[in-house]
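To keep things clear, I will list the structure first and then write my remarks on it.
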Amino acid sequence: MYFESQAWTYAELNNEVRALSSALQSIASKGDRIAILAENLPEYVFAYYGVPAAGMALTMLNHRLIPREWDALAQDAGAKVILLERKYYDALDAAGLIERYDTVVIVGGDAPQTPGVLDYRTFIDEAPSIEPPQTTAEELAWIIFTSGTTGRPKGAMLSHRNLYWAIANSLSVKGRGEGAIVLPWPMCHVAGFIVPMVHMCGRTLVLMRTYDPVEFLKLIEKHRISEASVAPTMLNMLLRHPEIDNYDLSSLQRISYGAAPMPLEVLKRAMARFGDVEFSTGFGMTELAGNVLSQPWESLQRALHGNEKLLSSVGRTMPFGTVRVVDEAMADVAVGEVGEIVVRAPQVMIGYWNRPEVTDEDFAHGWFHTGDLGSVDEEGNLYIVDRKKDVIVTGGENVASREVEEVLYQHPSVAEAAVVAQPDENWGEIIVAVIQLVPGAEPDADSIVALCRDQLASYKKPRRVLFIDELPRNAAGKILKRDLRDGLASGSLT
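This is the structure we're talking about:
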């Protein structure tokens, strides 16, 4: 594993994991939740394994939140120990939240001289050697909080079994592969399951602290990266960066993408730019510990040679699970019809932490209800239509926000776009397009609406077009439409 100027062998990684497991057992008990608040650091990788090895649950806090939100999530989980990156200490201390924890272990910097606050290296080196406890596959390993795109974040409880099967499912379609893999995703996101997947294959992991397009390019050249996994927004930023042609990217063999809808225009530009690089995608979510659908390069190649519709598919069901598209009565919908995507698989989470009523609702009829709407073609390829809560009902007609967004991305001035509903007395809801422009482009709402009018039914065109410097996102780059709707309701977004 590489991180900045540091490197670890597998033996060294194993020693670090065992040391962290021992140290945690000296201050906490089996079943405890251990919070972590940090950007991507080597200690985060050690914690991925070391906390569950101690019989405890790693509770991941999104570093892009604010102290009040960190506190709410950590207290909800009942975490009394936190692995805390030094850069976030002052914010927690100023908010009076450090004393919430019995023990604070500082990573990524020097620990302040405060009772109950320990330096990570000292904590590890001075702890007694303790053998890890016996754990079962069903015990809790990780708690990852959902992005909260539609409400208060929920803690998805992932067991050892869930994580194992998520990795096994992905490897069953991807294969082991060769060469180094770069990880630009924040490790507090479910995409971090790539870390144990890489290690299970005996490959080299190159860890990025945070995603930066230039640093991403530098790492590909320096480490001869063969594979990368990105969010659509990361890929879009990369393609638009003026330095993309200044680096040797010839080692790159595969790019996988996911976590948010991929605009077709961005995907087409990427395929044209990277030539022989294989692309793949899939469908997954926090509650599924990874992907349950896969669209491999072979299918995307068919799309490039005639069946272009396949470019917008997230693929077919992977071997170790069952995915259906159903109506309100839980009957499978007909080919081409829209229904909710439901899943049954060994990788599906145990449930939501402290949210039994929401768990029961989302597991109605014995299937996990994703909240995503989709359709299936004659070959079994699945297409995401929209989130149920993002469908706009205007004048009695249902409009998928994603359909409108696909058109918006065709406009040369549009860098990023989000379509949301705004309540309206006459229409019930109206369609609002919120646009982040390409640098240097001038706002031109009329041409944007005209493009939509040319390619969509009239009722699907935006009735308002707003321009914003930067769209709100979660840690994985997914646009937070809830924030946009709240801004419209409060009048702060005009």
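For the sequence shown, the numbering used here gives the first residue as 4, with consecutive numbering after it. In this text, a Cβ means the ideal position worked out from N, Cα and C, and glycines have one as well. From a predicted model like this one, the values you see are computed outputs, not experimental measurements.
Could you spell out where the beta strand (DSSP E) holding Gln298 opens and where it closes? By 1-based counting over the sequence shown, the position of residue 298 is 295. That run of the beta strand (DSSP E) goes Gly293 to Gln298.
Mapping DSSP to helix, strand and coil, what is His372? Stepping through the sequence shown from its first residue, residue 372 is reached at position 369. The answer is strand: DSSP assigns His372 an E or B state.
Taking the alpha-carbon positions, what's the Pro118 to Val269 distance? Against the sequence shown, residue 118 aligns to sequence position 115. Against the sequence shown, residue 269 aligns to sequence position 266. Going by the C-alpha atoms only, they are around 51 Å apart.
Is the region 392 to 411 in contact with the region 320 to 334, if contact means three or more CB pairs nearer than 8 Å? no
Spatial neighbours of Leu483 in its chain, beta-carbon cut-off 7 Å, leaving aside the 5 residues before and after: Indexing the sequence shown from 1 puts residue 483 at position 480. Here the set comprises Thr152, Pro475, Arg476 and Asn477.
At what residues does the beta strand (DSSP E) containing Ile451 begin and finish? By 1-based counting over the sequence shown, the position of residue 451 is 448. From DSSP, Ile451 is part of no beta strand (DSSP E) but of the alpha helix (DSSP H) over Ala448 to Gln458.
Alpha carbon to alpha carbon, what distance is there between Ala231 and Ala183? Counted from its first residue, the sequence shown places residue 183 at position 180. Counted from its first residue, the sequence shown places residue 231 at position 228. Distance between the alpha carbons of Ala183 and Ala231: 9 Å.
Note down, one range per segment and in chain order, each beta strand (DSSP E) of at least 3 residues found wholly within the region 107 to 178. 120 to 122, 143 to 148 and 158 to 162
Under the three-state DSSP convention, the category Leu208 falls into: Locating residue 208 in the sequence shown gives position 205, where the first residue counts as 1. Leu208: strand per DSSP, three-state reduction.
What did DSSP end up calling Gly195 once you bin it into helix, strand or coil? Start at 1 with the first residue of the sequence shown, and residue 195 comes out as number 192. Residue state, collapsed to three classes: helix.
Give me the residue from Ser315, Asp457 and Ser229 with the minimum Cα distance to Thr207. Working through the sequence shown from its first residue, we reach residue 207 at position 204. Of Ser315, Asp457 and Ser229, the residue nearest in Cα terms is Ser229.
Check Met265 in the structure and name its three-state DSSP category. The sequence position of residue 265 within the sequence shown is 262, counting from 1. Here Met265 sits in coil by DSSP.
Based on the DSSP output, what are the partners of Gln9 in its beta bridges? Here residue 9 corresponds to residue number 6 of the sequence shown, with the count starting at 1. BP columns for Gln9 point to Phe6.
Return the chain-ordered list of same chain residues with a C-beta closer than 8 Å to the C-beta of Pro136, the five sequence neighbours on each side being excluded. Counting from 1 along the sequence shown, the entry for residue 136 is found at position 133. The answer, listed in chain order, is Gln28, Lys33, Ala57 and Gly58.
Are the beta-carbon atoms belonging to Ala159 and Ala262 less than 8 Å from one another? Position 156 of the sequence shown holds residue 159. Position 259 of the sequence shown holds residue 262. It is not a contact, given that the beta carbons lie outside the stated cut-off.
Assess, as a yes-or-no matter, whether the region 333 to 344 is touched by the region 301 to 315 under the definition of 3 or more beta carbon pairs within less than 8 Å. no
Taking the alpha helix (DSSP H) that Ser259 belongs to, which residues open and close that run? The sequence position of residue 259 within the sequence shown is 256, counting from 1. Run containing Ser259: none in the alpha helix (DSSP H); it sits in the beta strand (DSSP E), Arg257 to Tyr260.
Based on the DSSP output, what are the partners of Tyr355 in its beta bridges? Taking the sequence shown and counting its residues from 1, one reaches residue 355 at position 352. Per DSSP, Ala159.
Are the beta-carbon atoms of Glu432 and Val396 separated by less than 8 Å? Position 429 of the sequence shown, counted from the start, is the residue given in the question as residue 432. Position 393 of the sequence shown, counted from the start, is the residue given in the question as residue 396. Yes. Within cutoff.
Among Thr284, Lys221, Glu129 and Ile133, which residue has its Cα nearest to the Cα of Val233? Taking the sequence shown and counting its residues from 1, one reaches residue 233 at position 230. When only C-alpha atoms are compared, the closest one is Thr284.
Under the three-state DSSP convention, the category Met63 falls into: Here residue 63 is taken as the residue at index 60 of the sequence shown, counted from 1. Met63 falls in the strand class under three-state DSSP.
Can you find the residues in the same chain that come closer than 6 Å, C-beta to C-beta, to Ser132, ignoring five residues on each side of it along the sequence? On the sequence shown, position 129 is the one that residue 132 refers to. Answer for Ser132: Ser25, listed in chain order.
At the level of alpha carbons, what is the spacing between Leu121 and Gly383? For this step, residue 121 is matched to residue 118 along the sequence shown. For this step, residue 383 is matched to residue 380 along the sequence shown. Near 54 Å, if we compare the C-alpha coordinates of Gly383 and Leu121.
Grouping DSSP H, G and I as helix and E and B as strand, with all else coil, what is Met288? Translated into positions along the sequence shown, residue 288 becomes position 285. Correct three-state label for Met288: strand.
Bounding residues of the alpha helix (DSSP H) (the contiguous stretch that carries Gly431): Taking the first residue of the sequence shown as 1, we reach residue 431 at position 428. Run containing Gly431: none in the alpha helix (DSSP H); it sits in the beta strand (DSSP E), Gly431 to Leu440.
Can you check which of these residues, Asp248, Pro115 and Gly278, is closest to Ile258 by C-alpha distance? In the sequence shown, counting from the first residue as 1, residue 258 sits at position 255. Selected option, being the one with the closest Cα: Gly278.
Apply the 10 Å Cβ neighbour rule to His66 and answer buried if 16 or more other Cβ atoms are within range, or exposed otherwise. As a first step, residue 66 must be located in the sequence shown, where it is residue number 63. Classification for His66: buried.
Going straight from the alpha carbon of Val54 to that of Val108, what length do you get? As a position in the sequence shown, residue 54 is number 51, starting the count at 1. As a position in the sequence shown, residue 108 is number 105, starting the count at 1. Approximately 13 Å, taken between the alpha carbons.
Compute the distance between the beta-carbons of His202 and Tyr5, then report whether it is under 8 Å. Counting from 1 along the sequence shown, the entry for residue 202 is found at position 199. Counting from 1 along the sequence shown, the entry for residue 5 is found at position 2. Not closer than 8 Å, so no.
To the nearest angstrom, report how far apart Asp498 and Leu469 are at their CA atoms. Only positions 4 to 497 of the chain appear in this structure, which leaves residue 498 out of reach.
Reference Tyr92, options Ala75, Gly112 and Ala77, closest by Cα: Counting from 1 along the sequence shown, the entry for residue 92 is found at position 89. That would be Gly112, whose Cα lies nearest to the Cα of Tyr92.
Let me check understanding here. Comparing Cα to Cα, which of Arg103, Pro245 and Phe196 lies closest to Pro216? The residue given as residue 216 occupies position 213 in the sequence shown. Per the Cα distances, Pro245.
Going straight from the alpha carbon of Thr236 to that of Gly480, what length do you get? Translated into the one-based positions of the sequence shown, residue 236 becomes position 233. Translated into the one-based positions of the sequence shown, residue 480 becomes position 477. Taking the straight line from one Cα to the other gives about 6 Å.
Between Phe148 and Met63, which are expected to be in contact by the criterion C-beta below 8 Å, what is the C-beta distance as a whole number of angstroms? Counting from 1 along the sequence shown, the entry for residue 148 is found at position 145. Counting from 1 along the sequence shown, the entry for residue 63 is found at position 60. That pair is a contact at about 7 Å.
Taking the beta strand (DSSP E) that Asn401 falls in, what are its first and last residues? The sequence position of residue 401 within the sequence shown is 398, counting from 1. Its beta strand (DSSP E) spans residues Glu400 to Ala403.
Residue nearest to Ser315 in terms of C-alpha spacing, selected from Met321, Trp300 and Gly324: If you number the sequence shown from 1, residue 315 lands on position 312. Nearest of Met321, Trp300 and Gly324 to Ser315, Cα basis: Trp300.
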